[in-house]
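In the numbering used here, the protein residues as written are 15 to 919.
For glycine and all other residues, C-beta sits at the position ideal for the given N, C-alpha and C.
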């Protein structure tokens, strides 16, 4: 503090720093330039209306349909079949009616729950949803069809959750509850009667084991009846082994080879690929193996055969990722009376080809080649080529067909159409690397509109925070990029500088770090500069970037060691700053993604250290943390959102954990649990205006679904919360929320980020408008988003009282003998819907806490609302102290206070 003649003056960093910042400075600090201000901003253009910032992370579709193309070389048309993240399928006539059927296995659709495989039966009108059956095959990664027990009916072999499941077809076809699970594993399966004994055999291909054939018999397939193939030599590396030496960039889009079986001159050959050459191994009727055919082509993943040039000799097409003249390619080996030769082959230009089918698509006698291409460096939604066969070889310019991260291709006759169909099994669609823009929806008198938004560059964004880091009067944005879909392209954390012209699309600065996930900001060392604290995923590190006059200190990052040992080697994911023990220092709440615990790193002059930490047990994985005074005792209670529920065969283990706080701190047994479903967003507000804080928690997923309800737990007397007093809010894998009175009608509204809507990352997030009758779920404001993983994770209101004001309390000042305070004034810049108010108190000694009441112009509980207000009815006391209410509607902007004056005479 300082004093001029008849004036007690607070001006400059050192003077303001002597005071007390409400809630430990969680949302209030004094900058080094001496400006007292709020930290968190929600009105980013200073027009009096707050904005919504959605951290879009993904736009890919994990469950694209399978594509069935008809008359490909004539007038192509396409039909679609529902599927779900499918890496595998088989096309075969399962029923013996002359139509090929299609079986699709589901690996990862992006939805929760257990998956079925789909059987689509061929018919005169083709493959449709009218003729279908589902059979249980969770996480199915390979499929094969064959008559394994020789009863004249085709059976199905599926690799589900890493083990073999066989559906033997019986009198009633395939019965969903009739199957045999065998202790057989592999990466891929193929099926054919290899030894000509009338029983289909199962060919198993694995990257870490020799190729193996399980022989069929009257009792089907047995784990004990097999033969291993010995082919290649010690110098041969498998394709997966070759990946181990590649950079992340080179590994992108890596897929494994398919267990193909090729008939050459009546003899079945099994496909055995290595990194630099491939073999076709003949299988004899006595179950021995003849000398393999060797093909010197690298990184081949599939093979098919047919007579492409109609010369009477079978040709071979290998699909893969070889190089010829610095261009990626697959290969055609032309057949002849002398077999195959490396000198008689043709490269097929391709990119990440992973499968191939050969067949005559237009009835002209020449077989055509359908290549399956899975993705580019950046996109799953690409085109795959159809090369037309001719007497001279192939037509150089292919026909292109749209595919979506396709993994398998078949040429099959599934209908009465004249020509066969080309079927692509699509696994993933659209963007492959998560470089989607985050959106700022600008508020206005009419609320929010889809067409009133700005875009920020990002890559898998997960969290954002808006603060004035440069102390220039405008909010800047720090955006955490996880690069979850393409970690090799992680650009770091983006900083967008605000100003009158708004935000540039590209970042103004980049904090070079990897795997960032969540952000907290505060002046943790009381030096007048804001620190940025970033938690990561798949990393135990918490990085602290200290503020300096030139910006963030990037060269000397502080890493918070978040021990004890139980916390190490886990993913910190989510953090929050709050003063949990009311000592005036911000503490760091750490909520790891696993390990069944959360904790608080206690702040202080020496920063965060692992030996000053309290750990709290929770039921399962943890979600987002929050701190809020739920009881009104002046202490922030610790609220930890539950993580994603675990397996279905254990009791529910996702809960909101509330640890009740008070003068004696928090204890594990002073604790409440409330059922949740993966809480990535959590906010506390009095939604029904009954005077009790309510808890809203998002719902990311449960064990069987993602389009699930979020909850409002209604508060009551004595801070009681129970599942019997909650409201369901329909959401879609919700992953973030902001609670604020957007239209300033006196009711707290909700903005909810929906990560995925009915399986699609591209959907709508909601603004739910509140009122006397509660939330209007029938008329939300819908705002398009792309797989958001969060919003601004800080909430707008005061953590203790839930109001629009943060409080600063000055250091006490001793009045000169015989003098009294006469007025209080302040200098402040006031953006729209911000204000400053003051109270003052007097006492006979320096320590006045709890003894002297705060007063305004009308006595206790009133405030001086105008700078320069005169003090009347001054109580006696030689010591004086003031406090400021630094207000902003919905925490939109902040007053910028440079000076406070108390006159005396």
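Point to revise | Terminal residues of the beta strand (DSSP E) in which residue 293 lies | key: Segment 292-296, the beta strand (DSSP E) holding residue 293.
Check your understanding: Looking at the C-beta of residue 800, does it have a partner C-beta in chain D at a distance below 9 Å?
Key -> You won't find chain D in this structure, because it holds only one protein chain.
Check your understanding: What residue range is occupied by the uninterrupted alpha helix (DSSP H) comprising residue 386?
Key -> According to the DSSP assignment, residue 386 belongs to no alpha helix (DSSP H) but to the beta strand (DSSP E) extending over 382-387.
Practice item. Flag this pair as touching only if the region 881-891 and the region 28-43 have three or more C-beta atom pairs under 8 Å; answer yes or no. Key: no
Exercise for review: Quick one: using the 10 Å Cβ neighbour count with 16 as the cut-off for buried, is residue 326 buried or exposed?
Suggested key: The residue is exposed, with fewer than 16 neighbouring Cβ atoms inside 10 Å.
Exercise for review: Within 10 angstroms of the Cβ of residue 786, are there 16 or more other Cβ atoms? Answer buried if so, exposed if not.
Suggested key: exposed
Point to revise | Delimiting residues of the beta strand (DSSP E) encompassing residue 841 | key: 835-843
Review point. Is the region 813-822 in contact with the region 861-874, if contact means three or more CB pairs nearer than 8 Å?
Key: no
**Study point:** Three-way DSSP call (helix, strand, coil) for residue 146 in this model
**Key:** Of the three classes helix, strand and coil, the one that applies to residue 146 here is strand, per DSSP.
Check your understanding: With 16 as the cutoff for other CB atoms within 10 Å, does residue 828 come out buried or exposed?
Key -> exposed
Practice item. Using three-state DSSP, classify residue 502 as helix, strand or coil. Key: helix
Point to revise | For residue 51, the nearest candidate out of 760, 418 and 841 (CA to CA) | key: 841
Review point. Among the residues of its own chain, which have a CB less than 7 Å from the CB of residue 488, if the five just before and after it don't count?
Key: 482, 512 and 513
Practice item. With residue 30 as the anchor, note down where its alpha helix (DSSP H) starts and where it stops. Key: Here the alpha helix (DSSP H) through residue 30 covers 27-31.
Check your understanding: For residue 322, which of helix, strand or coil comes out of DSSP?
Key -> Note: residue 322 maps to coil in three-state DSSP.
Review point. Between the region 465-474 and the region 410-419, do at least 3 Cβ pairs fall closer than 8 Å?
Key: no
Check your understanding: residue 284 and residue 225 look like a contact to me (Cβ under 8 Å); what is the Cβ gap, rounded to whole Å?
Key -> 6 Å
**Study point:** Nearest to residue 501 (by Cα), restricted to the options 474, 486, 479 and 480
**Key:** 474
Point to revise | Rounded separation between residue 460 and residue 912 - CA only | key: 34 Å
Point to revise | residue 119 and residue 75 closer than 9 Å at C-beta | key: no
Check your understanding: Is the region 896-908 close to the region 754-767, with three or more CB pairs under 8 Å?
Key -> yes
Point to revise | Residue range of the beta strand (DSSP E) that includes residue 814 | key: No beta strand (DSSP E) contains residue 814, which DSSP labels as neither H nor E.
Point to revise | Own chain partners of residue 374 with C-beta closer than 7 Å, once the 5 adjacent residues on each side are dropped | key: 380, 381 and 382
Review point. Under three-state DSSP, which class holds residue 259?
Key: Any reading at residue 259 needs caution, since the residue's pLDDT is 49, under 50, leaving its predicted position unreliable; the model's value is listed next. If DSSP states are grouped into helix, strand and coil, residue 259 belongs with coil.
Exercise for review: Determine the closest residue to residue 206 out of 901, 160 and 394, with distance taken between C-alpha atoms.
Suggested key: 160
Review point. If you run the structure through DSSP and keep just helix, strand and coil, what is residue 905?
Key: helix
Exercise for review: Would you mind sorting residue 527 into buried or exposed? The rule is 16 or more other CB atoms within 10 Å of its CB.
Suggested key: buried
**Study point:** beta strand (DSSP E) runs contained entirely in the region 640-689, provided each spans 3 or more residues
**Key:** Qualifying beta strand (DSSP E) stretches, in chain order: 651-656, 669-673 and 685-689.
Check your understanding: What do you reckon, are the CB atoms on residue 335 and residue 364 nearer than 9 Å?
Key -> yes
Review point. Bridge partners of residue 439, per DSSP?
Key: According to DSSP, residue 439 bridges with 422.
Check your understanding: CB residue 448 to CB residue 395, shorter than 9 Å?
Key -> no
Check your understanding: How is the beta strand (DSSP E) around residue 728 delimited, first residue to last?
Key -> Looking at the DSSP string, residue 728 is not in any beta strand (DSSP E), and its letter there is neither H nor E.
Review point. Can you name the start and end residues of the beta strand (DSSP E) that residue 80 belongs to?
Key: Element bounds for residue 80: 80-84.
Point to revise | Pair within 9 Å by beta-carbon distance, residue 835 and residue 799 | key: Result no, Cβ atoms of residue 835 and residue 799 do not sit closer than 9 Å.
Check your understanding: What number of angstroms, rounded off, separates the C-alpha of residue 456 from the C-alpha of residue 778?
Key -> Their Cα atoms are separated by approximately 16 Å.
Review point. When DSSP builds the beta bridges, which residues end up paired with residue 802?
Key: Answer is 70.
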